[in-house]
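See below for the structure under consideration.
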Amino acid sequence: MHFVEAKGILSPQNGMNLYRGCTHGCIYCDSRSKCYQMKHEFEDIEVKQNAPELLEKALRAKQKRSAKGAMIGTGAMCDPYMHCEQELLLTRKCLEIIDRYGFGLSILTKSDRILRDLDLLKSINQKAKCVVQMTLTTYDEQLCRILEPNVCTTKRRFEVLEIMRENGIPTIVWMSPLLPFINDTRENVEGILNYCVRAGVYGIICFGIGVTLREGDREYFYEALCKNFPGLREKYHQKYGYAYEIVSDNNRELMRLFYDVCRKHNIVCSVEELFAYLRQFPEDEAYEQMSLFFK
């Protein structure tokens, strides 16, 4: 990893990306795409070492301008609980600041390292609002270790969701992506949805059954297919070419299953409603919420 001094910290377009790059090794990661203009190797993590100081300055200024709070969000460009966070504590330092100033938090991760900060998540939720978002893509544990090799498996993430429920913290699951010919099966979707029901999640974000591939991301994904699923790269090329949106042949059937289960168990599944929920600060959900995000 390498350290940088960030010039700015709050942006309406991005989440709380305290780091750039990732060490989880997920074979489908969109953040590898060249369009994001990362000027270093993806696994060479860029650490925004002055992020806590910039965050405190920004929240202090926001508090002076308005008595209303706001939600602080983490972005999907990197995971706030990568391996280096265990040593650096950058995410924890920022959560302490959010808690101290009484702001809300929506945080997205694949890692059970988030449990280290359960005390802060509970405090933020008691004072304002905290929403923990967890990505679940693969019910089968062995397959999950291939697709997402350097992070805890789906079963452990389900246990994290249960712990959040036991502590009164609302959760949202990202059921994405589901890869054609790999985990776009009824068995996989039923397994993930069963975890969501048992964990009492507030909502599930699903954009459809498939994956998106762009330059940079596509090459890494295809290399992983060659290594782990012989012959599948050629099958992708033949069927999808260089398309950006890769939609599963099972999309209609599996999305019908998804909506049926969500309706039956009162799980919110509207992407628009869930994004609005993540932005809503509890003091006044009627006003036009200003989201504070990191860049």
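Numbered according to the working numbering, the sequence shown spans residues 1326 to 1620. Just so you know, even glycine gets a beta-carbon here, dropped at the ideal spot from N, CA and C.
Contact between the region 1573-1585 and the region 1511-1520 is present: 3 or more CB-CB pairs across the two stretches fall below 8 Å.
When DSSP assignments are scanned along the region 1354-1416, the uninterrupted stretches of alpha helix (DSSP H) that are 4 or more residues long and fall wholly within it turn out to be 1376-1390 and 1410-1413.
By the C-beta criterion, the region 1528-1545 is judged to be in contact with the region 1489-1500, since at least 3 inter-stretch pairs fall below 8 Å. Per the coordinates, the alpha-carbon of Y1520 lies some 25 Å from the alpha-carbon of H1408.
Counting C-beta atoms within 10 angstroms of its own C-beta, H1349 has 16 or more neighbours from the protein chains shown and is therefore classed as buried. Under the DSSP assignment, S1448 falls in the alpha helix (DSSP H) whose first and last residues are L1443 to K1452. Following the DSSP letters along the chain, one finds C1477 in no alpha helix (DSSP H), marked with neither H nor E. In the structure shown, H1327 adopts extended strand secondary structure according to DSSP, grouped into three states.
Contact between M1341 and G1398 holds: CB atoms are separated by about 6 Å, below the 8 Å threshold.
The region 1372-1382 makes no contact with the region 1436-1454, as fewer than three CB pairs between them are under 8 Å.
A direct Cα-to-Cα measurement between S1595 and C1354 gives close to 24 Å. Ranked by how close their Cα comes to the Cα of Q1374, the residues G1556, E1578, K1332 and E1473 have K1332 in first place.
By the Cβ neighbour-count rule, C1551 is exposed, with fewer than 16 other Cβ atoms within 10 Å of its own. G1566 and M1396 have their alpha carbons spaced roughly 40 Å apart. Put simply, of C1587, L1468 and Y1545 the residue whose alpha carbon is nearest the alpha carbon of F1367 is Y1545. Our two residues, K1447 and I1352, have alpha carbons roughly 33 Å apart in a direct line.
Per DSSP, the unbroken alpha helix (DSSP H) holding G1516 starts and ends at R1511 to A1524.
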